[in-house]
Structure formats: C-alpha cells, structure tokens
Amino acid sequence: FLKIKLECSDMYAQKLIDEAQGDENRLYDLFIQKLAERHTRPAVVEY
Numbered sequence: 101f102l103k104i105k106l107e108c109s110d111m112y113a114q115k116l117i118d119e120a121q122g123d124e125n126r127l128y129d130l131f132i133q134k135l136a137e138r139h140t141r142p143a144v145v146e147y
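Going by our numbering, the sequence shown opens with residue 101, and the numbers climb by one from there.
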C-alpha cells in the first residue's frame, strides 16, 4: 500500500514501517506527512 500510494521503493516503504515500530497510528501519520510533503515539495531537477 505504502509503495503504491507514495510511488516509492521497497526500501523507503520498509524504512517507514521500521520507524513506526509496529504502531499503526504512527505509520498512518508518517504516510500522511510524506504524502503532503510530496505534493508541496518541488521535484529535483538536475542540469
């Protein structure tokens, strides 16, 4: 679910799960935070 919704790698999704330490509410909060961050942060463009 995380990987699909955030369009991220397996490793990034696993790090979010590890950071939540089994707390579903914490994981949900992290998910919402990262989703909001994705919509507000501009994409990195290399020249």
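The beta carbon of each residue, even a glycine, is placed where N, CA and C say it ideally should be. Here the structure is a predicted model, which means the values were calculated and not measured.
Note to self: Quick check on Phe-101: does DSSP put it in helix, strand or coil?
What the structure shows: The residue given as residue 101 occupies position 1 in the sequence shown. Coil, per DSSP.
Next item on the list: Alpha carbon to alpha carbon, how far is Phe-101 from Asp-110? Give it in angstroms, no decimals.
Entry: For the purposes of this step, residue 110 is taken as the residue at position 10 of the sequence shown. For the purposes of this step, residue 101 is taken as the residue at position 1 of the sequence shown. In a straight line, the C-alpha of Asp-110 is about 11 Å away from that of Phe-101.
Notebook entry, point to check: Out of Gln-121, Phe-131, Val-144, Arg-126, which has the shortest C-alpha to C-alpha gap to Ile-104?
Noted result: Within the sequence shown, the letter at position 4 stands for residue 104. Closest by alpha carbon: Phe-131.
Notebook entry, point to check: Is the distance from the Cβ of Leu-106 to the Cβ of Leu-135 below 9 Å?
Noted result: Locating residue 106 in the sequence shown gives position 6, counting from the first residue. Locating residue 135 in the sequence shown gives position 35, counting from the first residue. Yes. Within cutoff.
Notebook entry, point to check: To the nearest angstrom, how far is it from the Cα of Pro-142 to the Cα of Gln-133?
Noted result: Stepping through the sequence shown from its first residue, residue 142 is reached at position 42. Stepping through the sequence shown from its first residue, residue 133 is reached at position 33. So the two alpha carbons sit approximately 15 Å from each other.
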